[in-house]
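Some notes on the structure that comes next.
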Amino acid sequence: SISSCGKLTSAFLADTFRQMSAMHFHWARLSDFSAAQWHQVIGAREAVFVVEQNCPYQDADDLDACSWHLLGMNGTELAAYLRVVDPGRKSVHPGQYYAEPSIGRVLTAKAYRGRGFGLALMREGIAGCDRLFPGQGIRISAQSYLLAFYQSLGFETIGDEYLEDGIAHFEMLHTIDSVP
286 SISSCGKLTS AFLADTFRQM SAMHFHWARL SDFSAAQWHQ VIGAREAVFV VEQNCPYQDA
346 DDLDACSWHL LGMNGTELAA YLRVVDPGRK SVHPGQYYAE PSIGRVLTAK AYRGRGFGLA
406 LMREGIAGCD RLFPGQGIRI SAQSYLLAFY QSLGFETIGD EYLEDGIAHF EMLHTIDSVP
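Just so you know, we're using this note's numbering here: the sequence shown kicks off at 286 and counts up by one.
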């Protein structure tokens, strides 16, 4: 646990490292999933983006079919998830498509928050983009309250804040030169 003065104890750090090392990553295309696996993914996405954020929108979309999906699994439980939309497919602003792959739908399941799973997931997501789409960079539409998190991973803000599904966002870019 965390000591009374807010410092991390060695037991807390050891437990956190053990839990993070228990998470394993699985990359897949939509066609690779069984119905039960995809149901687990959609359930987690709806729990976070529709229910927790009180944002009624169509989560499952046509971009799922042209994306790589990264699952962070702890045993059989989905601990964290993101998708990488293929270059030239993602549009946030009408008529404008990202030339780069785009990471989105980033989530950590409630039971796994505060333990570094999101950071580990994003690091694997960035590394995966570099393997799948070498030299192309990565573009994201980041919720504004997460700017510092994405900046710590080497993403830079592009343009002004805008609303996406009623939530404040910034466009951000990660280039080959922006590795933290």
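All C-beta atoms in this analysis are idealised placements derived from N, C-alpha and C, irrespective of residue type, glycine included.
Because the structure is a prediction, the values reported are computed rather than measured.
Buried versus exposed, by CB contacts within 10 Å (16 or more), residue i
i	result
alanine 329	buried
cysteine 290	Unreliable placement is indicated for cysteine 290, whose pLDDT of 49 sits below 50; no coordinate value is reported for it.
arginine 400	buried
glutamate 456	buried
histidine 309	exposed
serine 352	buried
isoleucine 461	exposed
serine 286	With a pLDDT of 41 at serine 286, under the threshold of 50, the modelled position of that residue is not reliable, and the figure given next carries that caveat. The residue is exposed, with fewer than 16 neighbouring Cβ atoms inside 10 Å.
glycine 403	buried
Boundaries (first-last residue) of the alpha helix (DSSP H) holding residue i
i	result
glycine 439	Note, glycine 439: premise wrong, no alpha helix (DSSP H); not H, not E.
glutamate 409	402 to 417
alanine 329	320 to 330
Residue nearest to residue i in terms of C-alpha spacing, selected from the options
i	options	result
histidine 324	Leu356, Gly444, Gly403	Leu356
serine 387	Asp371, Glu331, Arg314	Asp371
alanine 396	Arg424, Ala365, Arg374	Ala365
leucine 315	Arg424, Gly403, Asp349	Asp349
tyrosine 383	Gly422, Met308, Leu417	Gly422
valine 369	Ala321, Gln436, Ala320, Arg408	Arg408
alanine 321	Tyr435, Thr393, Thr361, Ser376	Thr361
tyrosine 430	Glu385, His311, Tyr342, Glu446	Glu446
asparagine 359	His311, Tyr342, Gln436, Ala427	His311
glycine 451	Ser319, Gln338, Gly403, Ala433	Gln338
glutamate 385	Pro379, Arg374, Tyr342	Arg374
leucine 432	Ala453, Ser319, Pro419, Gln381	Ala453
Endpoints, the beta strand (DSSP E) within which residue i is located
i	result
isoleucine 425	423 to 428
glycine 256	A query on residue 256 cannot be resolved here, the shown segment of the chain reaching from 286 to 465 and no further.
isoleucine 388	387 to 393
leucine 458	452 to 459
leucine 363	362 to 370
leucine 355	352 to 359
phenylalanine 334	It is not in any beta strand (DSSP E) - phenylalanine 334 carries neither H nor E in the DSSP assignment.
arginine 374	It is not in any beta strand (DSSP E) - arginine 374 carries neither H nor E in the DSSP assignment.
arginine 398	Looking at the DSSP string, arginine 398 is not in any beta strand (DSSP E), and its letter there is neither H nor E.
alanine 313	308 to 314
Contact belief for residue i with residue j at Cβ below 8 Å, rounded distance in angstroms
i	j	result
valine 333	leucine 363	In fact, because the Cβ distance is near 11 Å, the residues do not count as touching under 8 Å.
leucine 406	leucine 367	6 Å
leucine 458	phenylalanine 440	7 Å
isoleucine 411	glycine 389	Their Cβ separation, rounded to whole angstroms, is 13 Å, which puts isoleucine 411 and glycine 389 out of contact at 8 Å.
aspartate 344	glutamate 331	6 Å
Chain B within 9 Å of residue i, Cβ atoms only
i	result
leucine 392	The structure shown contains no chain B, having only a single protein chain.
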